[in-house]
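Encoded as structure tokens, the structure appears first; notes follow it.
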Amino acid sequence: MLKHFFLVVAAGYFGAMLFWPYGLLSPLNNPFTALKEMQNFSTNIRILFAGKHMMSNEIPWNYIPQWIAITTPLIIMIGAVLMMAAILFSKKYFSRKPLLLLLFIIIFPWAYSVYKNSALYDGLRHFLFIVPPITILSALFYELLFRVSTNKVIKAAITVVLITGIMLPLSWSIKNHPNEYCYFNELVGGIKGAYGNYETDYWMNSTREASAWLKDHGSASTPGKKLIIATNCAEPVTYYFRNDTDKYKVIYVRYYSRAEKDWDYGIFYSRFIDQSQLKNKSWPNSHTIYEVKADNVPLCIVVERKDKSDFYAADALEKNEFMKADSLYTRAAKYDPSNEEAWVGLGTAQLQLNKIKDAIQSLSQSLRIYPANAQAMSFLGLAYAQSGQIESAIAYLNQSLQANPGNPQAYYYLGMIYQQKGDKGTAQRYFDVVKQFQQGGQQ
Numbered sequence: 000m001l002k003h004f005f006l007v008v009a010a011g012y013f014g015a016m017l018f019w020p021y022g023l024l025s026p027l028n029n030p031f032t033a034l035k036e037m038q039n040f041s042t043n044i045r046i047l048f049a050g051k052h053m054m055s056n057e058i059p060w061n062y063i064p065q066w067i068a069i070t071t072p073l074i075i076m077i078g079a080v081l082m083m084a085a086i087l088f089s090k091k092y093f094s095r096k097p098l099l100l101l102l103f104i105i106i107f108p109w110a111y112s113v114y115k116n117s118a119l120y121d122g123l124r125h126f127l128f129i130v131p132p133i134t135i136l137s138a139l140f141y142e143l144l145f146r147v148s149t150n151k152v153i154k155a156a157i158t159v160v161l162i163t164g165i166m167l168p169l170s171w172s173i174k175n176h177p178n179e180y181c182y183f184n185e186l187v188g189g190i191k192g193a194y195g196n197y198e199t200d201y202w203m204n205s206t207r208e209a210s211a212w213l214k215d216h217g218s219a220s221t222p223g224k225k226l227i228i229a230t231n232c233a234e235p236v237t238y239y240f241r242n243d244t245d246k247y248k249v250i251y252v253r254y255y256s257r258a259e260k261d262w263d264y265g266i267f268y269s270r271f272i273d274q275s276q277l278k279n280k281s282w283p284n285s286h287t288i289y290e291v292k293a294d295n296v297p298l299c300i301v302v303e304r305k306d307k308s309d310f311y312a313a314d315a316l317e318k319n320e321f322m323k324a325d326s327l328y329t330r331a332a333k334y335d336p337s338n339e340e341a342w343v344g345l346g347t348a349q350l351q352l353n354k355i356k357d358a359i360q361s362l363s364q365s366l367r368i369y370p371a372n373a374q375a376m377s378f379l380g381l382a383y384a385q386s387g388q389i390e391s392a393i394a395y396l397n398q399s400l401q402a403n404p405g406n407p408q409a410y411y412y413l414g415m416i417y418q419q420k421g422d423k424g425t426a427q428r429y430f431d432v433v434k435q436f437q438q439g440g441q442q
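Read in numbering that gives the first Met the number 0, the sequence shown has 111 at position 112, and its numbers run on one by one without any break.
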């Protein structure tokens, strides 16, 4: 038994190397280097999990089990869970040791990652290797049912249930190819129920279709001048346009900084779009000309930018040309009423021009589009403070800090408000936080 165990371990270990280029470079060292790197993974990114935004080093212990539960076909999940419960009672039909080994293969990697507090992201991606053992465990349960059942009608019913359970995710995958990896099961209401609560196309797969569509349907570039494509997923989009560099130039743009760059078309995927905008459907925005969808849920959009007033307005605001910025942002907001950046910029310019009432209206409109916009909350708090509505000012500034604790402006404004109220102790506490940001290199 022990001999067979070591043979299986060795075959599995070195067999896995055949499909892992990094492992092949040094089969005896690199797997352990990769394991060590995962334990101390330095990348820390913002993720969407269970309806909440969080950093990847803040994930709860149930991150992997929950992703497994909602992305594995239900027929497999049910079988796997019931087989775990049936292990104690299946000795007559299956040897217990292989079943316990299978459980160990499924549970240990996740438990070890929890123990090491590993930073994880992109759903189940880092733990895909435990899906086959889960599937095997599930298959054993249905095999157990067939062995226990002596009635042909019951066996036929089990067969019908199995075929139906397999056909549901299979048909979904066929209909939504090549984005079938965005599958969510019925526990979360499919991808429609997951949208705005979990990340969908985290691997940017939908950018291929978006890029191909833009090549076929976008305006022709002017001779001697390239069309500029802005995107929040530059690596794949650059690759898809690698043979068209005479016509297009691809630039990276954060979605919430898109007004600051000069571009003609945008390709933006849903990851890193705030859940508030996904749920209130202000994304995709009003100048979207194409959507890549899975089960009618948008994964990636193509945006056409015929008016660049927001770009020129951002430049004017940077140069303290507030009247010019006011005029340009007004035009930008009229061109695209769903442009939350234009409304924030307009409100900021109006604040500088002492048009406080207008600023409050503009910043409030930005928050209707993007309710979690910490910058808009911060400036709205300042606007209310300047209008004498102190309690509203404090409320919005505190909301801004809840949305983004790393916003020194909000701390500074709160310090100023409490100083004017005569509460020097509270004011000083806020100013001390601002000093900490300054010492840390943040302005």
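Even for Gly, the Cβ is constructed at its ideal location relative to N, Cα and C. Please read all numbers here as calculations on a predicted model, not as lab measurements.
Of the residues G344, A348, I300 and F321, the one whose Cα lies closest to the Cα of N204 is I300. Counting along the chain, E290 sits inside the beta strand (DSSP E) bounded by residues T287 to A293. Shown here, H176 sits in coil according to DSSP, grouped into three states, outside any helix or strand. When DSSP states are grouped into helix, strand and coil, V8 belongs to the helix group.
Scanning I86, A293, P131 and Y197 for the CA closest to the CA of S172 turns up A293.
Here E198 is buried, its C-beta having at least 16 other C-beta atoms within 10 Å.
With contacts defined by Cβ atoms closer than 8 Å, V302 and F267 form a contacting pair.
Between the stretch 112 to 120 and the stretch 82 to 100, the count of Cβ pairs shorter than 8 Å is below three; the stretches do not touch. Burial is judged here by how many other beta carbons sit within 10 angstroms of a residue's own beta carbon; M54 has fewer than 16 and is exposed. DSSP places R45 in the strand class (E or B) of the three-state scheme.
L226 is bridged by DSSP to Y247. Contact check for S361 against G346 passes: the beta carbons are separated by less than 8 Å. Between D215 and L298, the C-beta gap is not smaller than 8 Å, which leaves the two residues out of contact.
In the DSSP annotation of this structure, the continuous segment of the alpha helix (DSSP H) that includes M415 starts and ends at P407 to K420. Beta-bridge partners of Y268 (DSSP): C299. Counting only residues of its own chain and dropping the five nearest sequence neighbours on each side, G122 has a CB closer than 8 Å to the CB of W66, T70, Y197, E198 and Y201. In the DSSP assignment, Y383 is bridged to no other residue. Across the structure, Y62 and P336 are spaced so that their CA atoms are roughly 37 Å apart. By the Cβ neighbour-count rule, D273 is buried, with 16 or more other Cβ atoms within 10 Å of its own. The DSSP-derived three-state label of Y114 is helix.
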